[in-house]
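Chemist:
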Amino acid sequence: MSKLWWQTKGEGQHDLVLLHGWGLNAEVWHCISDGLSSHFRLHFVDLPGYGRSQGFGALTLEEMAEAVLAQAPERAMWLGWSLGGLVASQVALSQPQRVTALITVASSPCFTAQNDWPGIKPDILAGFQQQLSEDFQRTVERFLALQTLGTETARQDARRLKAVVLEQPVPSVEVLNGGLEILKTADLREPLSHLALPFLRLYGHLDGLVPRNIAGLLDERWPQSESVIFPKAAHAPFISHPADVCQLLEAFQKRMKD
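full-length UniProt numbering puts the first residue of the sequence shown at 1, with every later residue one more than the last.
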């Protein structure tokens, strides 16, 4: 069986596993790793088929969670960004005894727009799937540009994300299609309403992929969780506002201890 690329850093007492988003790899956390390493023992992982975790085909959400759990510490806080938020949520649902807290960043339990639910229009995701086979690099670049749109540092943030993709082995079209399929079909709204764990959700006010009004809808559905919206952030608040994100995570950890 293929093994995931995994790296541990930091002197904190609490284990924190960080899961990146679609098309990217663990290098995306570079901007907050120094800020968090004195408070947490950080676990960076390239999701199956992404970056340095080669040898995987397209996986379901459940299979992806299982692959990451196989190498994870016995108990940890889990933080997932975007697609990684779905994987971290699935980990918490399937093995809650191994999760001390769940944190999702610019993520949604259901990414696809429905009648009563804001999200990405299904035809946009289907269009990305079709374009992947025609022009991989341009499709990924377009998706990355969408993630930073509207922020004061949009161009610089998009460049940083693009560099993260190009520095490491590129995922196959099959793996990327599998990730888009998860974004298109997953719906964890109901299962997560029963989650009895500390649960923090972070959003960007300018996010074009996860609309900010999802935060309020989930506040009602999931009163056991808490949400924070970054006023000037888009889909990658930890890149545009790293110090604020670090501060929030440290405060969340402190509240858990108290």
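Here a beta-carbon is modelled for each residue, glycine too, at the ideal position from N, C-alpha and C. Given the structure is predicted, the values throughout are model-derived calculations rather than measurements.
How about the segment 230–247 and the segment 30–41: do they share at least three Cβ pairs that are nearer than 8 Å?
Modeler: These segments touch.
Chemist: Cutting at 6 Å between CB atoms, please list the residues of its own chain near Gly-55, excluding the five before and the five after it.
Modeler: Here residue 55 refers to the residue found at position 55 when the sequence shown is read from its first residue. Cβ neighbours of Gly-55 beyond the five flanking positions: Ser-2.
Chemist: Which stretch, first to last residue, makes up the beta strand (DSSP E) that contains Asp-15?
Modeler: In the sequence shown, counting from the first residue as 1, residue 15 sits at position 15. Note, Asp-15: beta strand (DSSP E), 14–19.
Chemist: By alpha-carbon positions, which one of Leu-79, His-30, Trp-29 and Ala-65 ends up nearest to Gln-253?
Modeler: Here residue 253 refers to the residue found at position 253 of the sequence shown. Ranking Leu-79, His-30, Trp-29 and Ala-65 by Cα distance to Gln-253 puts Leu-79 first.
Chemist: With distances taken between CB atoms, is the gap from Ala-88 to Leu-102 smaller than 8 Å?
Modeler: Residue 88 sits at position 88 when you count from the first residue of the sequence shown. Residue 102 sits at position 102 when you count from the first residue of the sequence shown. Contact: yes.
Chemist: Could you check whether the segment 2–20 touches the segment 38–51, counting it as contact only if at least three pairs of C-beta atoms, one from each stretch, sit closer than 8 Å?
Modeler: Yes: at least three Cβ pairs fall under 8 Å.
Chemist: Based on the DSSP output, what are the partners of Met-77 in its beta bridges?
Modeler: For the purposes of this step, residue 77 is identified with residue 77 of the sequence shown, where counting begins at 1. According to DSSP, which records beta bridges pairwise, Met-77 is partnered with Leu-16 and Ala-101.
Chemist: Count the CB pairs spanning the segment 117–128 and the segment 218–229 that are closer than 8 Å, and state whether there are at least three.
Modeler: Verdict: no, contact absent.
Chemist: For His-43, list the residues DSSP reports as bridge partners.
Modeler: The residue labelled residue 43 in the question sits at position 43 within the sequence shown. DSSP, once it has assigned bridges, lists Thr-8 and Val-17 as partnering His-43.
Chemist: Whole angstroms are fine: how far does the CA of Gln-13 sit from the CA of Gly-84?
Modeler: If you number the sequence shown from 1, residue 84 lands on position 84. If you number the sequence shown from 1, residue 13 lands on position 13. Their Cα atoms are separated by approximately 23 Å.
Chemist: Among the candidates Val-17, Ser-107 and Trp-29, whose CA atom is the shortest distance from the CA of Ala-70?
Modeler: Within the sequence shown, residue 70 is the residue found at index 70, counting from 1. Minimum Cα distance to Ala-70 is reached at Val-17.
Chemist: What are the boundary residues of the beta strand (DSSP E) that includes Phe-111?
Modeler: Counting from one through the sequence shown, the residue named residue 111 turns up at place 111. Phe-111 -> no beta strand (DSSP E), and no H or E assigned at all.
Chemist: So Leu-59 is in the beta strand (DSSP E); what residue range does that whole segment cover?
Modeler: Here residue 59 refers to the residue found at position 59 when the sequence shown is read from its first residue. Per DSSP, Leu-59 belongs to no beta strand (DSSP E) and is neither H nor E.
Chemist: In terms of residues, what are the limits of the alpha helix (DSSP H) holding Ser-33?
Modeler: Here residue 33 corresponds to residue number 33 of the sequence shown, with the count starting at 1. Element bounds for Ser-33: 30–36.
Chemist: Relative to the C-alpha of Pro-231, which candidate in Ser-94, His-205, Leu-209 and Leu-24 has its C-alpha closest?
Modeler: Working through the sequence shown from its first residue, we reach residue 231 at position 231. It is His-205 whose Cα lies nearest to the Cα of Pro-231.
Chemist: How close, in whole Å, do the beta carbons of Val-140 and Gly-23 come, if the pair is a contact with beta carbons under 8 Å?
Modeler: In the sequence shown, residue 140 corresponds to position 140, counting from 1. In the sequence shown, residue 23 corresponds to position 23, counting from 1. At roughly 5 Å, the Cβ-Cβ gap stays under 8 Å, so Val-140 and Gly-23 are in contact.
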